[in-house]
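When we follow our numbering, the leftmost residue of the sequence shown carries the number 203, and every step to the right adds one.
Glycine is no exception: its CB is placed at the ideal position from the N, C-alpha and C atoms.
All values reported here derive from a predicted model rather than from experimental measurement.
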Amino acid sequence: MKVFIAVDMEGATGIVHHDQLSPEGRGYSVGQRYLTGDVRAVIDGVTSVIPEATFVVGDGHGLMRNVILDELPAHAALVVGPSRPENKPLCQCEGVTTDTDVAILVGFHSMAGTPRGLLAHTFVGALVSDWYLNGKVVGEAEMDAAILGAFDVPVVLITGNSDLEDEVRSWFPTVPFVSTKQVLGPTAAICYPPAFTRPALQTAAAEAIRSHLQVAVAPYRPIPSSPASSTVIDIVMHRREQADKAVKAPDVQRVDDFTIRSTGTDPAEAFRKVWRAVAAAMDEPAAWMV
Numbered sequence: 203m204k205v206f207i208a209v210d211m212e213g214a215t216g217i218v219h220h221d222q223l224s225p226e227g228r229g230y231s232v233g234q235r236y237l238t239g240d241v242r243a244v245i246d247g248v249t250s251v252i253p254e255a256t257f258v259v260g261d262g263h264g265l266m267r268n269v270i271l272d273e274l275p276a277h278a279a280l281v282v283g284p285s286r287p288e289n290k291p292l293c294q295c296e297g298v299t300t301d302t303d304v305a306i307l308v309g310f311h312s313m314a315g316t317p318r319g320l321l322a323h324t325f326v327g328a329l330v331s332d333w334y335l336n337g338k339v340v341g342e343a344e345m346d347a348a349i350l351g352a353f354d355v356p357v358v359l360i361t362g363n364s365d366l367e368d369e370v371r372s373w374f375p376t377v378p379f380v381s382t383k384q385v386l387g388p389t390a391a392i393c394y395p396p397a398f399t400r401p402a403l404q405t406a407a408a409e410a411i412r413s414h415l416q417v418a419v420a421p422y423r424p425i426p427s428s429p430a431s432s433t434v435i436d437i438v439m440h441r442r443e444q445a446d447k448a449v450k451a452p453d454v455q456r457v458d459d460f461t462i463r464s465t466g467t468d469p470a471e472a473f474r475k476v477w478r479a480v481a482a483a484m485d486e487p488a489a490w491m492v
């Protein structure tokens, strides 16, 4: 079995504040250990059921050099490096292939605008007010699941902050979900220590794989747009000037002063196009693109 693990950081064990999320922060090195421990627990859970399983781990947060490579087992490869459109046009999902069997989302958070959401945003907090997929506001977890679905890869487990669970249940009611902390607000939570979360993650991953082997989980397919053969992504930006820059990217249209649109035959194609526009919209290259 080949497993793809899409990794974010805000929803990892013990992460509650921005100073844990980038190398400049005092808590970053500890945050790396917490995140890597979550990833390793999921890997160990899968291999307890299928010892010969192999893994591709997509580091998809910030600088995208967060997961500690030498703490991963030999059968896990790590996608490392900035999410420039020419490098990683699928961002957190870069590294998935059509021969991948299942996917797991680790360390995810709620979407932009979530009331009292812990570190809530959608892909680029400084840029994105709302992200629409086929006319529906979505967060990173749903967008990634749709991209993975374009490769016929089902998501069998999602882990992250407690406030993400209701969001996930709105589009995927049956997926197993493990909460790493109980959210109190934008920068605070009741955190469960690694001594609790790692066994919980390991057990959930093992159970998710066993369940999938008994009754296969279907890849996620968002409700189609019209015409049904296309996928439409709209991004509402915070500022008009950001949209001005974004529409300079090819294959992107202006919807209104603040909104741009990309279309594709599937979510992966539409995302690749809009990710070029996201890069173009930044006033200067962001840390996660250099």
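Cβ contact check for the segment 284 to 293 and the segment 263 to 270: 3 or more pairs under 8 angstroms: yes
Suppose contacts are defined by Cβ-Cβ distances below 8 angstroms. Is GLN384 in contact with SER364 by that definition? Numbered from its first residue, the sequence shown carries residue 384 at position 182. Numbered from its first residue, the sequence shown carries residue 364 at position 162. A contact, by the Cβ cut-off of 8 angstroms.
Of the listed residues SER231, ASP210, ILE245, nearest to GLU409 (C-alpha basis): Numbered from 1 along the sequence shown, position 207 holds the residue referred to as residue 409. The shortest C-alpha separation from GLU409 is found at ILE245.
Are the CB atoms of GLY309 and GLY213 nearer to each other than 8 angstroms? Counting from 1 along the sequence shown, the entry for residue 309 is found at position 107. Counting from 1 along the sequence shown, the entry for residue 213 is found at position 11. It is a contact, given that the beta carbons lie within the stated cut-off.
Anyone know if the C-beta pair for ALA482 and ALA445 falls short of 8 angstroms? Position 280 of the sequence shown, counting from 1, holds the residue named residue 482. Position 243 of the sequence shown, counting from 1, holds the residue named residue 445. Cβ distance not < 8 angstroms, so ALA482 and ALA445 don't count as in contact.
Cβ contact check for the segment 222 to 232 and the segment 330 to 340: 3 or more pairs under 8 angstroms: no
On the CB-based measure, 16 or more other CB atoms within 10 Å of its CB, does GLN455 come out buried or exposed? Residue 455 sits at position 253 when you count from the first residue of the sequence shown. So GLN455 counts as exposed.
Could you tell me which residues DSSP puts in a beta bridge with ASN363? Numbered from its first residue, the sequence shown carries residue 363 at position 161. Its beta-bridge partners are LYS383.
How would you call SER372, buried or exposed, if buried means at least 16 neighbouring beta carbons within 10 angstroms? On the sequence shown, residue 372 is found 170 positions in, with the first residue counted as 1. The residue is exposed, with fewer than 16 neighbouring Cβ atoms inside 10 Å.
Give the range of the beta strand (DSSP E) segment to which ALA420 is assigned. One-based indexing of the sequence shown puts residue 420 at position 218. Where ALA420 is concerned, there is no enclosing beta strand (DSSP E), given that its DSSP letter is neither H nor E.
Do TRP477 and CYS293 have their C-beta atoms within less than 8 angstroms of each other? What you label residue 477 is simply residue 275 of the sequence shown in a count that begins at 1. What you label residue 293 is simply residue 91 of the sequence shown in a count that begins at 1. Contact: yes.
Between which residues of its own chain and ASP459 is the CB-CB distance below 8 angstroms, once the five residues before and five after are set aside? Reading the sequence shown from its first residue, position 257 is the one you call residue 459. For ASP459, where only same-chain residues beyond five positions count, the Cβ hits under 8 angstroms are ARG442, ALA445.
Assuming ILE207 and ILE306 form a contact by the criterion Cβ under 8 angstroms, report the distance between their Cβ atoms to the nearest whole angstrom. Locating residue 207 in the sequence shown gives position 5, where the first residue counts as 1. Locating residue 306 in the sequence shown gives position 104, where the first residue counts as 1. Right, the Cβ-Cβ distance comes to about 5 angstroms (below 8 angstroms), so this counts as a contact.
Run the CB neighbour count on ASP221, radius 10 Å, all protein chains shown included, and call it buried at 16 or more, exposed below. Stepping through the sequence shown from its first residue, residue 221 is reached at position 19. Exposed.
Would you mind sorting VAL232 into buried or exposed? The rule is 16 or more other CB atoms within 10 Å of its CB. The sequence position of residue 232 within the sequence shown is 30, counting from 1. With fewer than 16 Cβ atoms within 10 Å of its Cβ, VAL232 is classed as exposed.
Rounded to whole angstroms, how far is the Cβ of VAL259 from the Cβ of VAL241, which I believe are closer than 8 angstroms? Locating residue 259 in the sequence shown gives position 57, where the first residue counts as 1. Locating residue 241 in the sequence shown gives position 39, where the first residue counts as 1. Contact flag correct, Cβ pair sits at about 6 angstroms.
If I measure Cβ to Cβ from THR238 and keep anything under 7 angstroms in the same chain, skipping five residues before and after, which residues do I get? Locating residue 238 in the sequence shown gives position 36, counting from the first residue. Excluding sequence neighbours, THR238 sits near VAL269, ILE270, GLU273.
Proximity to GLY315 [Cα-Cα], best of VAL340, GLU367, ALA470: Position 113 of the sequence shown holds residue 315. For the residues VAL340, GLU367, ALA470, the minimum Cα distance to GLY315 belongs to VAL340.
Would you report the Cα separation of PHE374 and SER312, rounded to the nearest angstrom? Within the sequence shown, the letter at position 172 stands for residue 374. Within the sequence shown, the letter at position 110 stands for residue 312. Those two C-alpha atoms are separated by around 14 angstroms.
Would you kindly work out how many angstroms separate the C-alpha atoms of GLY466 and ALA391, rounded to a whole number? As a first step, residue 466 is located in the sequence shown; it is residue number 264 there, counting from the start. As a first step, residue 391 is located in the sequence shown; it is residue number 189 there, counting from the start. Looking at the two C-alpha atoms, the distance is approximately 39 angstroms.
For a quick check, are the C-beta atoms of PRO469 and PRO424 less than 8 angstroms apart? If you number the sequence shown from 1, residue 469 lands on position 267. If you number the sequence shown from 1, residue 424 lands on position 222. Yes; because the gap between Cβ atoms is below 8 angstroms, this pair is in contact.
In chain order, what residues of the same chain lie with their CB nearer than 8 angstroms to the CB of VAL358, ignoring the 5 residues before and after it? Taking the sequence shown and counting its residues from 1, the one referred to as residue 358 is at position 156. Result list for VAL358: VAL304, ALA305, ILE306, VAL377, PRO378, ALA410, ILE411, SER413, HIS414, VAL419, in chain order.
Cβ-based neighbour list, ILE360, same chain, cut-off 7 angstroms, excluding 5 preceding and 5 following: Working through the sequence shown from its first residue, we reach residue 360 at position 158. Hits under 7 angstroms: LEU307, PHE310, ALA343, VAL370, VAL377, PHE379.
Mark GLU254 as exposed unless 16 or more other C-beta atoms lie within 10 angstroms of its C-beta, in which case mark it buried. Along the sequence shown, one-based indexing puts residue 254 at 52. Answer is exposed; the Cβ neighbour count stays below 16.
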